[in-house]
Amino acid sequence: MSYQCPLCHQSLSFANRTYRCSNNHSFDLAKEGYVNLMPVQHKRSKDPGDNKEMMQARRRFLEKDYYQPMKQAVAQLCAQYLQGTHHQLLDIGCGEGYYTDEVATQLKQQEPQAQVFGLDISKVAIRYAAKRYPNCQFTVASSHRLPFSEQSLDAILRIYAPCKAEELSRTLKDQGIVITVTPAGRHLYQLREHIYQDVRLHNEAAEELAGFTLEHEQKLNYVMELAQGDAFDLLQMTPFAWKATDELRELLKTAEHFACEADFMIRIYRKI
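See the structure below:
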């Protein structure tokens with residue numbers, strides 16, 4: 001399986017470290033091992049994606065493995081539901097590959113020929129992912145038009161990542177699956193208590209995906225015991241950072257301990 005040209009949607013062939021389509025559009029493989037399939041005319045800004053501070057905070061936080069239970073649960077579900085397939089999976093909005101790598105490790109233990117792709121709009125994040133996780137294939141691209149051909153994927157993983165149902169349906173094989181992770185009601189409740197006077201629970205209603213049926217859902221809730229500085233990194237990697245006061249930032253930087261709930265909804269949809 002290979003990529004699809006983002007300009008004319010023809011299949012890309014790979015030779016001499018270059019992807020090329022029949023219309024002679026070409027995309028070089030970067031030295032880190034990823035390919036950039038985001039044409040300049042498709043960008044909405046010079047460097048789309050999360051800013052540097054947010055990415056660095058997320059990297060530090062994730063490397064402490066506070067989200068390890070969710071990562072393992074998702075990888076195990078991917079392996080379970082992909083039994084009997086070719087194990088072709090795409091992780092949309094993969095960032096720096098934290099989840100992508102775990103999924104790839106689990107799938108390749110089950111099927112050595114498994115192919116796991118990571119896609120993100122941020123070139124900085126993809127560059128880091130490609131350098132660190134050579135067992136996956138990474139590309140800079142938009143989730144609004146996935147650079148994959150019709151019915152080429154067995155599964156698509158979306159952890160907080162948007163994508164049109166039409167694109168999911170187009171690129172997935174018949175009976176293919178979409179795995180989604182979204183915030184459950186009490187996700188980061190204790191952090192949000194410091195920001196909002198009236199903290200509302202996240203809406204747990206399942207997303208309606210046209211052309212898909214909800215096959216499985218589970219909630220994962222646990223308390224994270226955050227060490228000094230980690231609560232501030234957690235804040236920085238969320239949209240809540242824009243609303244945080246200077247006093248709260250200082251509190252989270254200096255607090256020796258901060259207990260905060262992680263609360264996730266994990267769902268599996270099947271293409272019908």
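In UniProt numbering, the protein residues as written are 1 to 272.
Quick reminder that beta carbons are idealized off the backbone N, C-alpha and C, glycines included.
As the structure is a prediction and not an experimental result, all values here were calculated from the model.
{"Check": "Opposing strand residues paired with Phe177 [DSSP bridges]", "Outcome": "A small correction: the amino acid at residue 177 is Ile; Phe does not occupy that position in the sequence shown. BP columns for Ile177 point to Ala155 and Arg270."}
{"Check": "Alpha-carbon spacing of Gly211 relative to Glu111, whole angstroms", "Outcome": "28 Å"}
{"Check": "Integer Cβ distance of Asp154 from His86, believed to fall under 8 Å", "Outcome": "6 Å"}
{"Check": "Ordered list of beta strand (DSSP E) runs contained in the region 31-117, each at least 3 residues", "Outcome": "88-92"}
{"Check": "Under 8 Å between C-beta atoms of Ile177 and Gln218", "Outcome": "no"}
{"Check": "Span separating the alpha-carbon of His216 from that of Asn24", "Outcome": "43 Å"}
{"Check": "Environment of Lys271 [buried if 16+ CB atoms lie within 10 Å]", "Outcome": "buried"}
{"Check": "Collapsed DSSP secondary structure at Pro6 in the structure displayed", "Outcome": "coil"}
{"Check": "Nonlocal neighbours in the same chain, by C-beta distance under 7 Å from Glu32, ignoring five residues either side", "Outcome": "Arg127, Ala130 and Lys131"}
{"Check": "Close beta carbons around Arg192, own chain, < 6 Å, minus the five adjacent residues each side", "Outcome": "Val199"}
{"Check": "The region 249-257 contacting the region 228-240, beta-carbon criterion three pairs below 8 Å", "Outcome": "yes"}
{"Check": "Beta-carbon proximity of Leu77 to Ile179, cut-off 8 Å", "Outcome": "yes"}
{"Check": "Neighbourhood of Ser11 by C-beta distance below 7 Å, restricted to the same chain and skipping five residues each side", "Outcome": "Ser2, Gln4, Cys21 and Ser149"}
{"Check": "Rounded straight-line distance, which links the Cα of Pro183 to that of Lys64", "Outcome": "20 Å"}
{"Check": "Straight-line Cα distance separating Phe27 from Val124", "Outcome": "17 Å"}
{"Check": "DSSP bridge partner residues for Phe14 (one or two, in chain order)", "Outcome": "Tyr19"}
{"Check": "Which of helix, strand or coil DSSP assigns to Lys164", "Outcome": "coil"}
{"Check": "Which listed residue (Thr245, Gly97, Leu82 and Thr171) has its alpha carbon closest to that of Arg58", "Outcome": "Gly97"}
{"Check": "Close Cβ partners of Leu234 (< 6 Å) along its chain, the five nearest in sequence each way excluded", "Outcome": "Phe61"}
{"Check": "Nonlocal neighbours in the same chain, by C-beta distance under 8 Å from Gln113, ignoring five residues either side", "Outcome": "His86 and His87"}
{"Check": "Three-state secondary structure assigned by DSSP to Leu199", "Outcome": "The amino acid at residue 199 is misidentified as Leu; the sequence shows Val. Reduced to three states, the DSSP call for Val199 is coil."}
{"Check": "Exposed unless 16 or more other CB atoms sit within 10 angstroms - verdict on Gly84", "Outcome": "exposed"}
{"Check": "Distance, Cys260 Cα to Leu168 Cα", "Outcome": "33 Å"}
{"Check": "Inter-residue spacing [alpha-carbon to alpha-carbon] between Ala205 and Leu214", "Outcome": "12 Å"}
{"Check": "Thr100 versus Leu188 - alpha carbon distance", "Outcome": "23 Å"}
{"Check": "Residue of Arg186, Pro39, Phe14 and Leu89 minimising C-alpha distance to Leu172", "Outcome": "Leu89"}
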